[in-house]
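To start, the structure under review is shown below, and the notes come after it.
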Amino acid sequence: MNTMLDTLRSDGVRQWLPLVTLVILVILVGTFQPAFLDVNTLLQLASDTAVLFILATGVTFVIMLGGIDLSIQSMASLSSVVVALTLARYGYAAFVFAFGLGVLAGLLSGIAHVRLRIPSFIATLAMGGVLYSAALVTSRERSITLGESERAYLGWITGTLFGIPNVVIIALIVLAIAHVLQSRTPFGRYSAAIGAGEPAAYASGVKVDRQKIFAFVLSASCAALAGIVLVGRLASGSPTLASELLLPSIAAVVVGGTSITGGVGSIWRTLVGALIISVVRIGMTFLGVNIFAQNIVFGVVLVAAVAITIDRSKIPIVK
Amino acid sequence: MPAARRRWRIASWAPLIVLVLLCGIITLINPNFLTFGNLVRISQAAMIPLVLGMGATFIILMGSIDLSVEGGLTLSAVILSMLVINGANENAFGLFGVLIVLLVGAGVGFTNGVIHVRLKIPSFMVTLGMWFVGVGAANALLGGMAIRINDPMIRGLAIERFLGFPWGVWVALGCLLVALVIQNYTRLGRYIYALGGGEELAALSGIPVGRVRILAFTLAGVFYAVGGVLAAAQLGLGNAQIGTGRLFTTITAVVVGGTALSGGQGSVLQTLVGVLIVVVLANGMVLMGVPPSVQIGVQGLMIIAAVALSIDRKRMRIVK
Chain D
2 MNTMLDTLRS
12 DGVRQWLPLV
22 TLVILVILVG
32 TFQPAFLDVN
42 TLLQLASDTA
52 VLFILATGVT
62 FVIMLGGIDL
72 SIQSMASLSS
82 VVVALTLARY
92 GYAAFVFAFG
102 LGVLAGLLSG
112 IAHVRLRIPS
122 FIATLAMGGV
132 LYSAALVTSR
142 ERSITLGESE
152 RAYLGWITGT
162 LFGIPNVVII
172 ALIVLAIAHV
182 LQSRTPFGRY
192 SAAIGAGEPA
202 AYASGVKVDR
212 QKIFAFVLSA
222 SCAALAGIVL
232 VGRLASGSPT
242 LASELLLPSI
252 AAVVVGGTSI
262 TGGVGSIWRT
272 LVGALIISVV
282 RIGMTFLGVN
292 IFAQNIVFGV
302 VLVAAVAITI
312 DRSKIPIVK
Chain S
364 MPAARRRWRI
374 ASWAPLIVLV
384 LLCGIITLIN
394 PNFLTFGNLV
404 RISQAAMIPL
414 VLGMGATFII
424 LMGSIDLSVE
434 GGLTLSAVIL
444 SMLVINGANE
454 NAFGLFGVLI
464 VLLVGAGVGF
474 TNGVIHVRLK
484 IPSFMVTLGM
494 WFVGVGAANA
504 LLGGMAIRIN
514 DPMIRGLAIE
524 RFLGFPWGVW
534 VALGCLLVAL
544 VIQNYTRLGR
554 YIYALGGGEE
564 LAALSGIPVG
574 RVRILAFTLA
584 GVFYAVGGVL
594 AAAQLGLGNA
604 QIGTGRLFTT
614 ITAVVVGGTA
624 LSGGQGSVLQ
634 TLVGVLIVVV
644 LANGMVLMGV
654 PPSVQIGVQG
664 LMIIAAVALS
674 IDRKRMRIVK
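Line by line, the protein sequences are chains D and S. One gets the numbering used here by counting positions in the first sequence from 1 and adding 1 to each. One gets the numbering used here by counting positions in the second sequence from 1 and adding 363 to each.
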């Protein structure tokens with residue numbers, strides 16, 4: 002068992018494992034269901050992956066630092082409720098407002114985590130509760146369906162450009178921004194440094210707290226954007242709209258090969274991870290697995306992926 | 364050290380003072396709070412969080428966390444609904460069914476513990492996975508239905524009363540007693556404290572750290588299964604949403620009671636106080652006409668406040 006794990010953990014294998022898994026899965030599903038490899042089906046797959054990918058992108062930054070964000074699904078739901086409620090009156094400003102709320106929520110999570118020194122999983126669990134509560138209260142605990150006039154504002158989400166669905170383009174823009182942030186800015190390099198070894202990063206003068214807060218802001222604002230895209234796709238907002246998305250999002254990050262101990266990871270891995278999750282979901286739907294029961298598979302996949310990617314030398318005491 | 368210890372003792376009384384103040388304020392605003400009927404209502408609302416909190420306290424005392432509360436509870440409740448007299452099949456296992464459900468809970472907890480210890484995966488990640496595996500398994504068993512429970516003994520836990528309180532409340536008090544005995548009078552209880560206080564030291568002193576952790580998670584799983592039985596009795600149904608929101612209440616109760624997330628400090632009695640604070644506050648908000656959906660948000664803020672107040676910053680150089 003352990004030797005098998007060691008082989009899987011050796012760097013060469015570990016780096017390519019997610020991509021190989023993705024290719025094998027695509028071939029597998031494609032063999033059983035040739036229609037799957039059709040351009041339209043693949044574009045549909047890309048559109049379906051977009052929301053998951055945006056959520057996973059945000060949380061990637063937090064996980065790279067060795068933290069976790071358990072509030073993304075509540076933030077996305079709240080954002081969907083806010084857009085659905087304000088779209089009629091404020092038009093496009095509703096999207097800005099929802100996104101701004103995401104920035105604010107991330108700022109609060111980050112400050113609670115960094116200044117009050119509360120472990121991130123508990124700070125974001127609590128923040129998730131606050132956000133969920135806010136969504137329940139503002140929506141009066143029901144789902145809000147958008148009218149014909151409000152849907153006119155959703156064209157930038159539902160439309161297509163040169164045959165490519167706009168959601169896919171939004172996801173690609175997020176990917177591009179995240180890539181630049183990660184590889185071309187001080188934030189990206191500091192994140193990698195903090196994830197690799199926090200005391201060393203601190204001692205070298207990295208403003209650890211500020212980087213961490215920024216990562217939480219990114220995570221929550223990506224979640225808010227995901228909520229906005231969800232409103233576009235479903236033409237409704239609800240306080241539980243995204244509640245099934247927490248597990249797949251974190252699974253996407255980890256399956257892609259980003260280690261929850263921090264330091265190792267990238268946005269491209271998250272892209273691969275998100276695609277793996279989507280293909281697995283399609284495969285399971287094809288096999289007739291109940292959508293809720295699919296969580297069993299994702300739960301197992303999550304733990305297995307953590308087991309493979311985690312760097313045990315970093316945590317002498319596992320709690 | 365004596366000074367530090369004295370300070371801790373005062374800190375451990377703070378939740379109780381909060382509870383008394385809370386009761387006082389609510390009584391001033393609405394005297395109906397102190398009626399016997401309301402007391403019974405509070406005890407009914409407190410019984411399930413108390414049982415769940417007993418399990419979670421042991422885990423948090425070790426400095427770990429268990430996010431699989433809802434998974435264990437939901438799976439237990441659904442399996443129970445399929446084993447006792449019900450509206451979906453001919454089973455009528457009665458008490459034997461309850462026993463099976465407790466074993467299922469133990470199995471869930473044991474799996475958590477083994478994966479956590481043997482594969483060296485942080486507990487929050489293992490139990491996050493188990494949370495969804497449990498709820499997913501419950502969903503798969505139900506196939507989108509809800510199963511009505513017709514077993515008079517199970518329903519009796521919520522309906523039949525002894526000395527004015529439903530049997531479920533007595534079951535919860537029994538769990539508290541069991542947890543107290545484990546905490547104070549068994550080796551497992553003392554080892555759990557030792558682990559939370561400093562794991563390296565505990566390991567060097569010859570404590571079988573891995574085995575203690577697995578046992579603690581198994582024990583927690585059994586408590587969640589009892590919570591599942593009580594929840595199924597209260598609702599009269601086995602459905603897949605039966606656990607929603609319970610993780611949140613459980614963790615709020617444990618940390619508001621003053622058990623430190625860093626481990627080693629706290630007790631099941633403090634969790635009792637924490638449960639009562641959460642339940643009394645919820646009850647008070649209902650009496651004052653605050654919508655129930657606000658309560659989750661209030662609990663979230665309580666978690667942040669309680670953790671921020673109780674965390675021992677000197678012991679944590681890096682917070683992740």
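Note that CB positions come from ideal geometry on N, CA and C, so glycine has one too.
Checklist entry - If contact means a Cβ-Cβ distance below 9 Å, which residues of the stretch 281 to 304 of chain D contact chain S? => result Those residues of the stretch 281 to 304 of chain D that come within reach of chain S (Cβ to Cβ, closer than 9 Å) are V290, N291, I292, F293, A294, Q295, N296, I297, V298, F299, G300, V301, V302, L303 and V304.
Checklist entry - Going by beta carbon distance, what residues of the same chain come within less than 7 Å of T729/S, once the five residues before and after it are set aside? => result Here chain S covers residues 364 to 683 and nothing more, so residue 729/S does not appear.
Checklist entry - Is the Cβ-Cβ distance between I442/S and V461/S less than 7 Å? => result Taking the first residue of the second sequence as position 1, residue 442/S is located at position 79. Taking the first residue of the second sequence as position 1, residue 461/S is located at position 98. No.
Next on the checklist: Cutting at 7 Å between CB atoms, please list the residues of its own chain near M285/D, excluding the five before and the five after it.
Outcome noted: Sequence index remark: in the first sequence, residue 285/D carries index 284 (1-based). These residues qualify, in order along the chain: Q295 and V298.
Checklist entry - P571/S versus chain D: which residues are under 7 Å apart at the beta carbon? => result Within the second sequence, residue 571/S is the residue found at index 208, counting from 1. The contacting residues do not exist; P571/S stays about 15 Å from chain D at best.
Checklist entry - With DSSP run on the structure shown, which of helix, strand or coil describes N449/S? => result Numbered from 1 along the second sequence, position 86 holds the residue referred to as residue 449/S. Per DSSP, reduced to three states, the secondary structure at N449/S is strand.
Checklist entry - Is it buried or exposed for T161/D, if we count other Cβ within 10 angstroms and need 16 for buried? => result Translated into positions along the first sequence, residue 161/D becomes position 160. In this structure T161/D is exposed. Its beta-carbon is surrounded by fewer than 16 other beta-carbon atoms within 10 angstroms.
Item to check | Distance between T262/D and I311/D (C-alpha atoms, nearest Å) | outcome: As a working note, residue 311/D is residue 310 in the first sequence. As a working note, residue 262/D is residue 261 in the first sequence. Spanning the alpha carbons of I311/D and T262/D requires a straight line of approximately 6 Å.
Next on the checklist: To the nearest angstrom, how far is the alpha carbon of D70/D from that of F456/S?
Outcome noted: Translated into positions along the first sequence, residue 70/D becomes position 69. Translated into positions along the second sequence, residue 456/S becomes position 93. Here the alpha carbons of F456/S and D70/D stand approximately 43 Å from one another.
Checklist entry - So is G130/D in contact with chain S if we call contact Cβ pairs under 7 Å? => result In the first sequence, the residue the question calls residue 130/D occupies position 129. Any Cβ of chain S closer than 7 Å to the Cβ of G130/D would place that residue at the interface, and such an atom is present.
Checklist entry - Using a Cβ-Cβ cut-off of 7 Å (strictly less than) and excluding sequence neighbours within five positions of Y556/S, which residues of its own chain qualify? => result Translated into positions along the second sequence, residue 556/S becomes position 193. Excluding five sequence positions before and after Y556/S, the CB atoms of its chain that fall closer than 7 Å to its own CB belong to L424 and G627, given in chain order.
Item to check | Bridge-paired residues (DSSP) for P529/S | outcome: By one-based count along the second sequence, residue 529/S stands at place 166. DSSP, once it has assigned bridges, lists R524/S as partnering P529/S.
Checklist entry - In three-state terms, what does DSSP make of S237/D? => result Within the first sequence, the letter at position 236 stands for residue 237/D. The answer is strand: DSSP assigns S237/D an E or B state.
Item to check | Sub-7 Å separation of A216/D and V63/D beta-carbons | outcome: In the first sequence, the residue the question calls residue 216/D occupies position 215. In the first sequence, the residue the question calls residue 63/D occupies position 62. Inclusion of A216/D and V63/D in the CB contact set at 7 Å is warranted, their separation being smaller than that value.
Next on the checklist: One question on the structure: do F580/S and N475/S come within less than 7 Å of each other, judged by their Cβ atoms?
Outcome noted: Here residue 580/S corresponds to residue number 217 of the second sequence, with the count starting at 1. Here residue 475/S corresponds to residue number 112 of the second sequence, with the count starting at 1. It is a contact, given that the beta carbons lie within the stated cut-off.
Checklist entry - Which residues bound the alpha helix (DSSP H) around I422/S? => result In the second sequence, residue 422/S corresponds to position 59, counting from 1. Segment F399 to L424, the alpha helix (DSSP H) holding I422/S.
Next on the checklist: Using a Cβ-Cβ cutoff of 8 Å, what residues of the stretch 388 to 413 of chain S are near chain D? List them in chain order.
Outcome noted: Against chain D - using a Cβ distance shorter than 8 Å - the stretch 388 to 413 of chain S contributes no residues.
Checklist entry - Touching or not, the stretch 479 to 492 of chain S and the stretch 504 to 523 of chain S, by the rule of three or more beta carbon pairs under 8 Å? => result No, the stretch 479 to 492 of chain S is not in contact with the stretch 504 to 523 of chain S.
Checklist entry - CB V218/D to CB G107/D, shorter than 7 Å? => result In the first sequence, residue 218/D corresponds to position 217, counting from 1. In the first sequence, residue 107/D corresponds to position 106, counting from 1. Inclusion of V218/D and G107/D in the CB contact set at 7 Å is warranted, their separation being smaller than that value.
Item to check | Run of the alpha helix (DSSP H) containing N475/S, from where it starts to where it stops | outcome: Taking the first residue of the second sequence as 1, we reach residue 475/S at position 112. Note, N475/S: alpha helix (DSSP H), L458 to R481.
Checklist entry - Cα separation between Q212/D and V618/S? => result Residue 212/D sits at position 211 when you count from the first residue of the first sequence. Residue 618/S sits at position 255 when you count from the first residue of the second sequence. If I take the Cα positions, the gap works out to 28 Å.
Next on the checklist: So, with DSSP's three-state summary, where would you put P485/S?
Outcome noted: On the second sequence, residue 485/S is found 122 positions in, with the first residue counted as 1. P485/S falls in the coil class under three-state DSSP.
Next on the checklist: On the DSSP letters alone, give me the boundaries of the alpha helix (DSSP H) that S630/S sits inside.
Outcome noted: Within the second sequence, numbered from 1, the residue matching residue 630/S stands at position 267. If you look at S630/S, you'll find it isn't in any alpha helix (DSSP H); DSSP assigns it neither H nor E.
Checklist entry - Since A583/S contacts F396/S with CB under 8 Å, what's their CB separation in whole angstroms? => result The residue labelled residue 583/S in the question sits at position 220 within the second sequence. The residue labelled residue 396/S in the question sits at position 33 within the second sequence. So it is not a contact: roughly 32 Å between Cβ atoms.
Next on the checklist: Let me confirm a value: P19/D is counted as buried when at least 16 other C-beta atoms fall within 10 Å, else exposed. Which label applies?
Outcome noted: Locating residue 19/D in the first sequence gives position 18, where the first residue counts as 1. With 16 or more Cβ atoms within 10 Å of its Cβ, P19/D is classed as buried.
Item to check | Rounded C-alpha distance that separates F528/S from N401/S | outcome: In the second sequence, residue 528/S corresponds to position 165, counting from 1. In the second sequence, residue 401/S corresponds to position 38, counting from 1. Approximately 11 Å between the Cα atoms of the pair.
Checklist entry - Quick check: the stretch 375 to 394 of chain S against the stretch 584 to 592 of chain S, are there 3 or more CB pairs under 8 Å? => result In short, these stretches do not touch, since the Cβ pair count stays below three.
Checklist entry - What does S134/D touch in chain S if you count any residue whose Cβ is under 9 Å from its own? => result Indexing the first sequence from 1 puts residue 134/D at position 133. Per Cβ cutoff of 9 Å: S656, V657, Q658, I659, G660, V661, Q662 and G663.
Checklist entry - Name the DSSP bridge partner or partners of L600/S? => result Locating residue 600/S in the second sequence gives position 237, where the first residue counts as 1. Per DSSP, R511/S.
Checklist entry - When the distance is taken between beta carbons, is I268/D closer than 7 Å to E562/S? => result Along the second sequence, one-based indexing puts residue 562/S at 199. Along the first sequence, one-based indexing puts residue 268/D at 267. No, they are not a contact pair.
Checklist entry - Counting along the chain, where does the alpha helix (DSSP H) carrying N167/D start and finish? => result Position 166 of the first sequence, counted from the start, is the residue given in the question as residue 167/D. For N167/D, the enclosing alpha helix (DSSP H) begins and ends at N167 to R185.
Checklist entry - If you measure from the beta carbon of R313/D to each beta carbon in chain S, is any gap under 7 Å? => result As a working mapping, residue 313/D is identified with position 312 in the first sequence. Chain S, which has a Cβ nearer than 7 Å to the Cβ of R313/D, makes this yes.
Item to check | Anticipated Cβ contact below 8 Å, K483/S with R313/D, distance rounded | outcome: Translated into positions along the second sequence, residue 483/S becomes position 120. Translated into positions along the first sequence, residue 313/D becomes position 312. Contact flag correct, Cβ pair sits at about 5 Å.
Checklist entry - Quick one: what does DSSP say L536/S is sitting in, helix, strand or coil? => result As a first step, residue 536/S is located in the second sequence; it is residue number 173 there, counting from the start. Assignment of L536/S by DSSP, reduced to helix, strand and coil, places it in the helix class.
Checklist entry - By a C-beta neighbour count over all protein chains shown, 10 Å radius and 16 as the cutoff for buried, is D39/D buried or exposed? => result Here residue 39/D is taken as the residue at index 38 of the first sequence, counted from 1. The residue in question, D39/D, is exposed, as its Cβ has fewer than 16 Cβ neighbours within 10 Å.
Next on the checklist: For V447/S, would you say it is in contact with chain D, using Cβ-to-Cβ distances shorter than 7 Å as the test?
Outcome noted: In the second sequence, the residue the question calls residue 447/S occupies position 84. It does not: the Cβ of V447/S has no partner Cβ on chain D nearer than 7 Å.
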